[in-house]
Amino acid sequence: MMETFTWLPEQKAISEEVQYRVLSARFGDGYEQSAGAGLNPRRSGWSLMFVGTEEKMKPIQEFLDRHGEGRAFLWTPPGWSEAMVAQCRGYTKNHRGGPVWQLSLSFEQGFRP
């Protein structure tokens, strides 16, 4: 059973990037034919940021470290009614002064077979 990422990121620091995988063939007369590549040609990526104390960041980092070798997990993006399969390939942790830390990360959408 997949684990679920349940922490809520800073609302002002969420962004989605959508990419389309497209196959295309260009012909000598300038005509180009394109089609979606594969069963899931649309893929979402999400940039998230968390701000808080070391106590708040530690369980998030532990979750990400458990899934850091390509293990997928479930996460529900803002506005979505269903969880998506996601992977995180890394994160950045910055000290913001005093007891405050910032954790920046990206989730990539995966797909179930």
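Just so we're aligned, residue 1131 is where the sequence shown starts under my numbering, counting upward by one.
No residue lacks a Cβ here, since even glycine has one placed at the ideal position from N, Cα and C.
What is the DSSP secondary structure of residue i, reduced to helix, strand or coil?
i: R1242; result: coil
i: F1157; result: coil
i: V1147; result: First, the residue type needs correcting, since residue 1147 is Glu and not Val in the sequence shown. E1147: strand per DSSP, three-state reduction.
i: R1201; result: coil
i: M1214; result: strand
i: M1179; result: strand
i: F1237; result: strand
i: E1185; result: helix
i: E1140; result: coil
i: E1192; result: helix
What whole-angstrom Cβ distance do residue i and residue j have, given they're in contact under 8 Å?
i: F1193; j: M1132; result: That belief does not hold up - the Cβ atoms of F1193 and M1132 are roughly 12 Å apart, past 8 Å.
i: T1183; j: V1230; result: 7 Å
i: Q1217; j: R1173; result: At roughly 11 Å, the Cβ-Cβ gap does not stay under 8 Å, so Q1217 and R1173 are not in contact.
One question on the structure: do residue i and residue j come within less than 8 Å of each other, judged by their Cβ atoms?
i: E1199; j: G1175; result: no
i: V1181; j: E1212; result: no
Near residue i, which residues of its chain fall below 7 Å by C-beta distance, leaving aside the five closest residues on each side in sequence?
i: P1208; result: I1144
i: F1241; result: N1170 and V1215
i: K1142; result: none
Taking 6 Å as the limit between beta carbons, can you name the residues of its chain near residue i, skipping five residues before and five after?
i: E1162; result: S1154 and R1156
i: T1134; result: L1204
i: G1220; result: none
- request: Please confirm if the segment 1177-1189 is in contact with the segment 1229-1240, defined as three or more CB-CB distances below 8 Å between the two stretches.
  value: yes
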